[in-house]
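From first to last, the protein sequence lines are chains U and S.
With the first letter of the first sequence counted as 1, position 173 gets the number 173 in the numbering used here; the numbers rise by one all the way through.
With the first letter of the second sequence counted as 1, position 59 gets the number 59 in the numbering used here; the numbers rise by one all the way through.
Heads up, the beta-carbon is just placed ideally off N, CA and C, and yes, glycines get one too.
Here is the structure we will look at.
There are 2 protein chains.
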Amino acid sequence: MSEQFSSQLLERAVDAFSGLPGVGRKTALRLVLFLLKQDSEIVKTFAQSILDFRNNVKFCKTCHNLSDTDECEICGNPKRDRRKICVVENVQDVLAIENTQQYQGLYHVLGGIISPMEGVGPSDLEINSLVERVKAGDVDEVILALSPTMEGDTTNFYISRRLEGQNIALTTIARGVSIGDTLEYADEVTLGRSIVNRVAFKEQNH
Amino acid sequence: MSEQFSSQLLERAVDAFSGLPGVGRKTALRLVLFLLKQDSEIVKTFAQSILDFRNNVKFCKTCHNLSDTDECEICGNPKRDRRKICVVENVQDVLAIENTQQYQGLYHVLGGIISPMEGVGPSDLEINSLVERVKAGDVDEVILALSPTMEGDTTNFYISRRLEGQNIALTTIARGVSIGDTLEYADEVTLGRSIVNRVAFKEQNH
């Protein structure tokens with residue numbers, strides 16, 4: 001863009017924001033001018049919290065989730081079921097599953113998904129460390145909770161091969177029609193899978 | 001939201017971003033995780049440029065545009081036509097008009113618009129300083145370039161009353177800008193034309 005700001009300070013602040021994903025120049029300008037109206041302490045806290053996060057946040061040495069300490073709160077929580085490991089692609093997925101309040105086991109964050117198109121191979125992901133955790137014993141179930149895409153299926157398959165011979169149950173999260181969705185509007189693949197993978201009525205409604 | 005982050009640092013960074021206008025928790029999380037992937041120097045520059053802007057940017061003592069110095073680049077530029085003052089609502093409007101490259105005069109940023117609904121009266125705006133600039137002489141035209149809304153019309157009318165008796169041409173930008181549209185989002189050609197084809201204030205309001 002050919003915009004000429006009357007202020008270098010403004011220019012640099014707009015550049016900073018417009019470097020973020022999904023933020024264009026106009027949105028960046030709006031955000032910067034919003035911050036100008038805020039108390040300078042608020043802006044200081046804003047900048048400091050971002051710096052603190054970037055410089056001090058750690059990845060849990062066990063599950064690779066984001067953490068303030070070497071071991072994350074979930075891995076360090078004695079109330080969690082240490083015999084279950086839920087394998088997810090990224091940190092957002094941990095949050096999504098935690099928000100359901102339906103899972104009390106541990107996690108393993110791969111840090112991505114196998115994608116030949118994007119040049120992401122198994123060695124780029126935390127798969128070796130997952131295998132080590134399982135081999136160390138004390139685990140009786142690994143739950144694969146990756147996206148139901150071709151990459152997800154590939155990654156699931158690769159992990160299942162690496163875990164062959166281990167004395168664990170290997171499961172994937174159920175795929176099916178969303179709760180509250182009408183059959184009419186479910187996509188064919190999902191609906192097809194949910195028929196093939198049907199479960200006993202009593203099992204589902206216990 | 002009931003989200004529980006495993007990291008306080010993450011929590012605070014997401015809080016910071018989600019305080020921005022139009023940024024929800026999910027977008028904030030995405031932005032924060034994006035910054036985590038960036039080089040720490042880039043994040044440092046990001047935070048620093050925002051702090052520098054907030055702490056050091058000034059308002060031009062003459063036109064109240066954003067500036068790095070006491071007098072902005074436009075007011076200090078000897079090539080600009082000092083006999084014309086274009087009155088705008090805010091800093092974005094200066095940028096919008098500058099981008100048309102159709103105007104070579106000076107500006108006057110009101111810092112808002114008269115709006116009884118939002119409790120903004122004439123004394124909250126830089127109207128007295130505009131009258132002083134005109135009374136000081138050396139000005140032969142004041143161009144009112146406010147948004148064509150009811151508030152804009154009210155402000156135009158108020159300013160025209162305050163400038164009565166001054167030996168100047170009082171014009172408004174041509175209403176090529178669609179009624180109800182704000183200047184910020186008008187396309188450059190329309191906005192440029194509307195400045196070139198500005199009309200006498202009295203002609204328009206007969």
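- Listed in chain order, the non-local C-beta contacts of U:R83 below 8 Å within the same chain comprise G105, D138, V139, D140, E141, local neighbours out to five positions each way being set aside.
- Within the DSSP secondary-structure output, S:E141 pairs in a beta bridge with S:K84, S:A169.
- Of the residues assessed, U:T171 falls on the exposed side of the cut-off, its CB having fewer than 16 other CB atoms within 10 angstroms.
- In this structure, the CA atom of U:F46 is about 36 Å from the CA atom of U:G121.
- Contact annotation: U:I173 and U:A145 have beta-carbon atoms nearer than 8 Å.
- When secondary structure is reduced to three states using DSSP, U:K44 falls in the helix class.
- Closer than 8 Å to the CB of S:C72 there is at least one CB belonging to chain U.
- By the 16-neighbour rule on beta-carbons within 10 angstroms, U:F157 is exposed.
- The three-state secondary structure of U:Y185, taken from DSSP, is helix.
- Excluding sequence positions up to five before and after S:F201, its CB lies within less than 8 Å of the CB of L144, N156, S160, L170, T171, T172, all in the same chain and listed in chain order.
- DSSP places S:F17 in the helix class (H, G or I) of the three-state scheme.
- Among the residues of chain S, those whose CB is under 9 Å from the CB of U:V43 are I50, L51, F53, R54, N55, following chain order.
- Note that the C-beta distance between S:S67 and U:S6 is below 8 Å.
- The C-beta of S:V32 comes closer than 8 Å to at least one C-beta of chain U.
- Within chain U, no C-beta atom comes less than 9 Å from the C-beta of S:R80; the nearest is roughly 12 Å away.
- Put simply, of S:M150, S:N197, S:E164 the residue whose alpha carbon is nearest the alpha carbon of S:T182 is S:M150.
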